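Chains as they are written, first to last, in the working numbering: chain A, 1 to 205; chain B, 206 to 429. All C-beta atoms, glycine included, are put in the ideal place defined by N, C-alpha and C. For clarity, every value in this text was computed on a predicted model and none was experimentally measured.
Dropping the structure here:
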C-alpha cells in the first residue's frame, strides 16, 4: 500500500481555495510569470484528484486516467502563460485542456489516417490565438496614439516590453532574449500592461 | 443575422467531443461563424468544468504517486514557448479562380480537403476526409443551379459558408446550420447568388421526383 499524505492543511500563502476563480487565476499568473512551484502545487493538489475522478469515470482504467491527469497538469505547468482570464475561468481552461487530451486518447487507439486532432477542433493552447487577440485590439491608429500617452503611466518593466513589441515591432521571443527573461514573463508583462492600458482607457471615457 | 443554429444538445456534444468527426467539423465551423453559439459554447464549457472539477469528492487525498507526478512535472524546465505568429492566419480555398474565406475550423484542417470535382450542371464538390462513417463534403453551387428534389435516407447537416441558397421552406445564408432527415423532401437551388456550403451525410441522398429518380443509382456521387 502506498502511503497517503494528509493534504487538508491550508496553504499558508492564501486563505482562498482554487474553487475561487480569482484565486485560481492568480495562481496561474504566478506559474506563468515566475514558475512558482508553490502556486503550481496548490493548483495540482486541488485539480489533479478531481481530474483523476473525472478521467476514471471516462476511461474506467486507472493508468489511462493517470496519464490524462499528467498530460493535463503538464500543460498547465508549461503553458500557464497562454491562460487568458478574459476568455474564461482557470477551471474552464483546465477542463478544455483535459477535454482535448481525452479526445486524442480516444482516437489514438483507432489509427486512422485522416483522424482529426483535438487541436484542430479546439485550439486551446494555440499561441497565435492568444497573441493576435491583443494585437487586433491595438490595430487602430487613433487608439495607438492614445495608448502612447497612457504608456507613460505603466510601471517601467511593463512599459519597456510594450515599447519593444508595439513601437519597435519586435517579437515577444526577441524581447525575452534581449531582456534575458523567460518568454512567459514577457507574455505576462504584456498581458498585465494591456489590462492596465484598457483600464486607463475606460476610466478616461 | 444567422437564423438557423445547431441544437443545444449538439453544442454540448461538440464541447465534450462526443459527435462524429464530420459533425464536430460542421458544428465547429458554425460556432466559428456565430457569436450567439460562441457564447453558448463558453457557457457550456463553464458549466461542464464546474460540474467536473468542483463536484464534491468525498476523500481528496494526495497519494505518494500523485506527489511523484507533481515533482516530475515541476522538474521540467519552463517551456520557452513557440514564437508567436505575426498575425492570425487567414484561411481560403479557391475554385475556378474565385477565392472563399474558410472558418478557422476548416482552415486548420485544410490538408483534409480533397480536390474539386465538377458534377452535373454548375455543381462542384470537394470531399473532406476526417475519419468516421459520415461523408463530409464542400459543395459549390453557381448562380441559378438546382439540386433535384430529394430526401435523405439518414440525416443531412448543411452549413452555408458563403452565399445564399433556398428550398421550398426558406432562404439560407452565411452561417445558417440545418439538420434534415427523411421527413423532409426539398429542392435546394440558387438564384442570383452562388453558394458555398459544407454538408455531412450519414447515408446517400434519395431523389424523389420525376426523371431525377434516375439519379438514384448514381446518388453515391453525393456520397463518397
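query: Between residue 361(B) and chain A, is any beta-carbon pair separated by less than 8 Å?; result: no
query: Who are the neighbours of residue 70(A) on chain B, taking C-beta pairs under 9 Å?; result: 274, 277 and 278
query: If contacts are defined as beta-carbon pairs under 8 Å, then residue 125(A) and residue 94(A) qualify, I think. What distance do you get, rounded to the angstrom?; result: Contact doesn't hold; Cβ gap of about 12 Å is too wide.
query: Among 362(B), 337(B), 395(B) and 386(B), which one has its Cα closest to the Cα of residue 372(B)?; result: 395(B)
query: Going along chain A, which residues have a C-beta under 9 Å from residue 338(B)?; result: Simply none; closest approach about 11 Å.
query: Please classify residue 120(A) as buried or exposed, where buried requires at least 16 neighbouring CB atoms within 10 angstroms.; result: buried
query: The beta strand (DSSP E) that contains residue 402(B), what's its start and end?; result: 400-406
query: In the DSSP assignment, what are the bridge partners of residue 250(B)?; result: BP columns for residue 250(B) are empty, so no partner.
query: Buried or exposed for residue 70(A), please, with buried defined as at least 16 other CB atoms from any protein chain shown within 10 angstroms of its CB.; result: buried
query: Using beta-carbon positions only, say whether residue 89(A) and residue 221(B) come within less than 8 Å of one another.; result: no
query: Have a look at residue 400(B) and residue 280(B) and give me their C-alpha separation to the nearest angstrom.; result: 54 Å
query: Using the rule of at least 16 other Cβ atoms within 10 Å of the residue's Cβ for burial, across every protein chain shown, is residue 86(A) buried or exposed?; result: exposed
query: With DSSP as the reference, please indicate the residues paired to residue 303(B) in a beta bridge.; result: 300(B)
query: Distance check for residue 188(A) and residue 33(A), CA to CA, integer angstroms please.; result: 6 Å
query: Verify the CB distance criterion: does residue 56(A) have a CB-CB separation below 8 Å to chain B?; result: no
query: Helix, strand or coil for residue 333(B)? Go by DSSP, reduced to three states.; result: strand
query: Rounded to the nearest angstrom, what separates residue 291(B) and residue 57(A) at their Cα positions?; result: Low confidence applies to residue 291(B): its pLDDT is 43, below 50, so where it sits in the model is not reliable enough to give any reading.
query: Along the alpha helix (DSSP H) that carries residue 346(B), what are the first and last residues, could you check?; result: It is not in any alpha helix (DSSP H) - residue 346(B) instead sits in the beta strand (DSSP E) that spans 340-346.
query: Spell out the partners DSSP gives residue 377(B) in its beta bridges.; result: 370(B)
query: Below 7 Å between beta carbons is the criterion; list the residues of the segment 39-53 of chain A that meet it against any residue of chain B, in chain order.; result: 40, 41, 44, 45, 47, 48, 49, 50 and 53
query: Look up residue 383(B) in the DSSP assignment and give the residues it is bridged to.; result: 363(B)
query: Residue 224(B) by DSSP, collapsed to three states: which one?; result: coil
query: What does the Cβ neighbour count give for residue 287(B), buried or exposed, with the cut at 16 atoms within 10 Å?; result: Because the pLDDT at residue 287(B) is just 49, under 50, the model does not fix this residue reliably, and the point stays unresolved.
query: Can you tell me the Cβ-Cβ gap for residue 381(B) and residue 209(B), rounded? I've got them flagged as a contact below 8 Å.; result: 4 Å
query: Do the CB positions of residue 361(B) and residue 385(B) come within less than 8 Å of each other?; result: yes
query: Does any C-beta atom of chain B lie closer than 8 Å to the C-beta of residue 16(A)?; result: no
query: Using a C-beta to C-beta distance shorter than 8 Å, which residues of chain B count as neighbours of residue 94(A)?; result: 254 and 258
query: Measure from the alpha carbon of residue 350(B) to the alpha carbon of each residue in 324(B), 338(B) and 366(B), then state which is nearest.; result: 324(B)
query: Measuring CB to CB, does residue 68(A) end up less than 8 Å from residue 51(A)?; result: yes
query: Excluding the five sequence neighbours on either side, which residues of its own chain have a C-beta within less than 8 Å of the C-beta of residue 64(A), listed in chain order?; result: 55 and 105
query: May I have the straight-line CA-CA distance separating residue 308(B) from residue 234(B), to the nearest angstrom?; result: 6 Å
query: Counting C-beta neighbours from all protein chains within 10 Å, is the total for residue 44(A) 16 or more, i.e. buried, or is it exposed?; result: buried
query: Which of the three DSSP states, helix, strand or coil, is assigned to residue 44(A)?; result: helix
query: Give the DSSP bridge partners of residue 412(B), in chain order.; result: 355(B)
query: Which value, in whole angstroms, describes the spacing of the CA atoms of residue 413(B) and residue 354(B)?; result: 6 Å
query: In chain order, which continuous runs of the beta strand (DSSP E) of length 3 or greater are located wholly inside the segment 28-97 of chain A?; result: none
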